[in-house]
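Student:
There are 2 protein chains.
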Amino acid sequence: MFDEIDIHILEILQEKARIPNAEVARQVGMAPSAVLERIRKLEERGIIEGYEVRLNPACFHQGLSAFVQVETDGTDAQTAAALAAISSVQEVHQVVGPDGFLVKLRTADHTTLAKILRQIRPLPGVRSIRTQVVLETVKETRRVDLAEHNGNGRHS
Amino acid sequence: MFDEIDIHILEILQEKARIPNAEVARQVGMAPSAVLERIRKLEERGIIEGYEVRLNPACFHQGLSAFVQVETDGTDAQTAAALAAISSVQEVHQVVGPDGFLVKLRTADHTTLAKILRQIRPLPGVRSIRTQVVLETVKETRRVDLAEHNGNGRHS
DNA sequence: TGACAATATGAATAAAATTCGCACCAAAAG
DNA sequence: CTTTTGGTGCGAATTTTATTCATATTGTCA
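Here you go:
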């Protein structure tokens with residue numbers, strides 16, 4: 003699907019996605035046009051899904067994170083859609099087992115959190131919810147460990 | 003901290019972070035140099051934390067997500083560090099209540115997941131763990147709802 | 001070996017990034 | 001009521017990058 007040069011390019015972009023293509027080319031030791039071509043193909047193949055800016059949540063009244071375990075009674079698709087529609091909801095995962103969904107939230111404070119929870123409880127299919135408020139986030143990344151695909155792959 | 007133009011710029015970058023600055027300038031109707039200046043200040047102030055490439059996890063043997071509730075007995079800082087050091091671990095949150103940490107994982111398959119779990123259980127301070135395997139992820143975003151800061155702020 | 005597909009290169013051109021002097025505006029100071 | 005000052009936008013000039021394309025190069029397979 004991709005070779006070491008692709009991995010190298012992805013590692014660079016994973017670090018700083020907005021650096022110029024010419025700089026990437028220098029770092030991998032190839033012509034800019036060749037690197038551009040590779041990046042385009044990675045995008046076409048869906049390996050690169052997009053580029054994002056990482057914002058400081060605290061600057062946008064989003065300092066409080068929480069996880070909500072939502073136990074449902076079967077109406078899963080609708081419930082999921084309703085949960086996903088809430089703008090404070092950042093993630094909705096359907097999990098194996100009794101708790102139907104695991105929802106990740108981001109809000110300004112406890113008051114707003116309470117408001118969202120009052121909004122989730124009466125949703126169709128929701129039997130009960132259990133909330134876990136985050137005190138401190140120790141790690142939060144979305145990086146993929148590309149070293150494992152490189153050849154010098156050490157594992158976790 | 004920032005005005006409507008900043009918000010507009012951030013909205014554009016949140017959508018497609020790798021588009022040229024000149025294009026951003028066109029969309030907000032300002033000179034490229036002015037937009038560049040604003041973006042730099044947003045970076046300096048820590049409002050913009052960085053730029054990332056979003057990769058397709060399935061392409062990197064990371065198709066399986068799971069959440070692990072880790073109950074600890076007080077040795078929190080060390081436990082957190084040990085959890086965060088595991089490369090499959092994408093997030094470590096210290097939560098309020100009996101379950102000390104909530105950990106988000108990404109692995110290739112059930113076998114690898116089992117391996118990671120066997121790795122977590124004997125960590126210092128870990129009393130018990132409870133794992134929730136993700137069947138399907140319905141929503142997964144990190145976007146900040148900037149509309150609320152814009153003036154036309156509708157809420158969740 | 002020869003054909004083919006994929007990919008790299010380097011030059012040429014268009015576009016973008018970056019710098020910087022100047023203008024403008026608003027708020028604080030005189 | 002002026003003057004000063006800090007912040008910001010503008011546009012021209014320059015450097016750097018993106019993009020295209022014709023031309024090699026490489027590797028595979030029949």
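From first to last, the protein sequence lines stand for chains A and B.
When the letters of the first sequence are read in order and numbered with the numbering used here, they come out as residues 3 to 158.
When the letters of the second sequence are read in order and numbered with the numbering used here, they come out as residues 3 to 158.
Quick reminder that beta carbons are idealized off the backbone N, C-alpha and C, glycines included.
Who are Thr139 (chain B)'s beta bridge partners in DSSP?
Tutor: A:His95
Student: For the beta strand (DSSP E) holding Arg108 (chain A), just list the boundary residues, first then last.
Tutor: 103-109
Student: Could you tell me whether the segment 51-60 of chain B touches the segment 19-32 of chain A, where touching means 3 or more Cβ pairs closer than 8 Å?
Tutor: yes
Student: Rounded C-beta distance between Phe103 (chain B) and His95 (chain B)? I'm assuming under 8 Å.
Tutor: 6 Å
Student: Which residues in the same chain as Ser90 (chain A) place their Cβ atom closer than 7 Å to its Cβ, once the five residues preceding and following it in sequence are excluded?
Tutor: Correct list, in chain order: Leu107, Arg108, Thr109, Ile118.
Student: Where are the alpha helix (DSSP H) runs, 4 residues long or more, that stay fully inside the segment 36-91 of chain A, in chain order?
Tutor: 78-87
Student: How would you list, in chain order, the residues of chain A whose beta-carbon sits under 7 Å from the beta-carbon of Lys141 (chain B)?
Tutor: Here the neighbours are Ala86, Val91, Glu93, Val94.
Student: Output needed in chain order: residues of the segment 54-84 of chain B with a Cβ under 7 Å from some Cβ in chain A.
Tutor: Glu54, Val55, Arg56, Leu57, Asn58, Pro59, Cys61, Phe62, Gln64, Ser67, Phe69, Ala82
Student: Measuring CA to CA, which of B:Glu138, B:Pro126, B:Leu125 is closest to Val97 (chain A)?
Tutor: B:Glu138
Student: Of the residues B:Ala116, B:Ile11, B:Lys141, B:Leu125, which one's Cα is nearest the Cα of Gln134 (chain B)?
Tutor: B:Ala116
Student: Between the C-alpha atoms of Gln92 (chain A) and Glu150 (chain B), what's the straight-line distance to the nearest angstrom?
Tutor: 16 Å
Student: Give a yes or no on whether the C-beta atoms belonging to Ile7 (chain B) and Gln71 (chain B) are separated by under 8 Å.
Tutor: In this structure, Ile7 (chain B) keeps its C-beta atom at 8 Å or more from the C-beta atom of Gln71 (chain B).
Student: Please name the residue, chosen from B:Val26, B:Ile9, B:Gln29, B:Gln80, that lies closest to Leu125 (chain B) on a Cα-to-Cα basis.
Tutor: Just measuring C-alpha positions, the residue of B:Val26, B:Ile9, B:Gln29, B:Gln80 sitting nearest Leu125 (chain B) is B:Gln80.
Student: Per DSSP, what kind of secondary structure is Val128 (chain B) in: helix, strand or coil?
Tutor: strand
Student: Below 8 Å between beta carbons is the criterion; list the residues of the segment 6-35 of chain B that meet it against any residue of chain A, in chain order.
Tutor: Taking 8 Å as the Cβ-Cβ cut-off against chain A, the residues of the segment 6-35 of chain B that qualify are Leu12, Leu15, Gln16, Lys18, Ala19, Arg20.
Student: How would you write the range of the alpha helix (DSSP H) that Ala27 (chain B) sits in, first residue to last?
Tutor: Looking at the DSSP string, the run of the alpha helix (DSSP H) that includes Ala27 (chain B) is 23-30.
Student: Using DSSP bridges, identify the partner residues of Thr133 (chain B).
Tutor: B:Val70
Student: In terms of residues, what are the limits of the alpha helix (DSSP H) holding His10 (chain B)?
Tutor: That run of the alpha helix (DSSP H) goes 6-17.
Student: Would you kindly report the start and end of the unbroken alpha helix (DSSP H) that includes Leu119 (chain A)?
Tutor: 112-122
Student: Given this structure, state the Cα-to-Cα distance separating Phe69 (chain B) from Phe69 (chain A), to the nearest angstrom.
Tutor: 11 Å
Student: DSSP state of Ala33 (chain B), grouped into three classes?
Tutor: coil
Student: Is there a C-beta anywhere in chain A that falls below 8 Å from the one on Ile131 (chain B)?
Tutor: Proximity of Ile131 (chain B) to chain A, defined by a Cβ-Cβ separation below 8 Å, is not satisfied.
Student: Can you tell me the Cα-Cα spacing of Gly127 (chain A) and Ala86 (chain A), whole angstroms?
Tutor: 14 Å
Student: Have a look at Gly76 (chain A) and Lys141 (chain B) and give me their C-alpha separation to the nearest angstrom.
Tutor: 19 Å
Student: For a contact defined as C-beta to C-beta under 7 Å, what are the partners of Leu119 (chain B) on chain A?
Tutor: Within chain A, no residue comes near Leu119 (chain B); the closest Cβ sits about 12 Å away, beyond 7 Å.
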